[in-house]
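Counting in the working numbering, the sequence shown runs from 223 upward without gaps. Following: one structure in C-alpha cells, then a few remarks.
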Amino acid sequence: MDQQELTTPDRRSVMQVCGLISLGLLGVPTLVACGSDDESSDATGGASTAAAGAAGTVLAKLADVPVGGALVTKGADGKPIAIIQATAGAVTAVSAVCTHQGTTVAAASGELDCPSHGSKFGFDGAVKNGPATTPLAAVAVKVDGENVVSA
Ligand code: FES
223 MDQQELTTPD RRSVMQVCGL ISLGLLGVPT LVACGSDDES SDATGGASTA AAGAAGTVLA
283 KLADVPVGGA LVTKGADGKP IAIIQATAGA VTAVSAVCTH QGTTVAAASG ELDCPSHGSK
343 FGFDGAVKNG PATTPLAAVA VKVDGENVVS A
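See the structure below:
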C-alpha cells in the first residue's frame, strides 16, 4: 500500500507536471519561431546574395537578341526579363514584369509593351505610357562569348 501511494501521483503533482510540459511545449516553438525569423531575415539577405551568386547563368544566345530590339526570356531567378541589344554586342536588360499589375511585357519596335492595359516602357525601363507609373527594374547582364549571361 505504501509503495503504491508513493508511485501514484496525486492530482497536484500531475497538474504541476502538465504545467511544466505546457510551458516547455509553448516555449520551444516560441524559440524556434524566433530563430526562424532570424533565419528568414538572413535568408532574404542571402537571396540577394544568391541572385548575385547566380552570375554567369546563361540567359540567351546573343544571336537570338535582335540588334536594336529586345528578347523577352527568363532571368536567372526564373522571372521574365527583356534583354536589349541596342547596338551589336551591347546588351542591357530590364525586368519584363509590368509594374502596373504584373503582366509580362512584350518586345515591340523600340519599346516594351504591356498587352493588359497598354503601358509602354522604353528599353531603359522608363515608363513611356501608363497606366504603369514605375519603371521596369534594371537587370544585370553581360555578354560572355556567344551568350548573354547574368552578371
Ligand atoms: S498590367 Fe501592364 S498595363 Fe496593366
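Backbone N, C-alpha and C fix where the C-beta goes; we use that ideal spot for every residue, glycine too.
For K301, no beta strand (DSSP E) encloses it, and the DSSP letter there is neither H nor E. Close to ligand 1, as judged by a C-beta nearer than 5 Å to any of its heavy atoms, are the residues C320, H322, Q323, T325, C336, S338, H339 and S341, in chain order. Unbroken beta strand (DSSP E) stretches of 3 residues or longer found wholly inside the segment 323-357: 328-330, 333-335, 342-344 and 349-351, given in chain order. Inter-segment contact for the segment 319-331 and the segment 291-300 is present: three or more beta-carbon pairs are separated by less than 8 Å. Just so you know, the alpha carbons of V349 and Q307 end up roughly 19 Å apart.
By the criterion of at least three beta-carbon pairs nearer than 8 Å, the segment 310-320 is in contact with the segment 356-373. Assignment of A285 by DSSP, reduced to helix, strand and coil, places it in the helix class.
G291 has Q307 as its beta-bridge partners, per DSSP.
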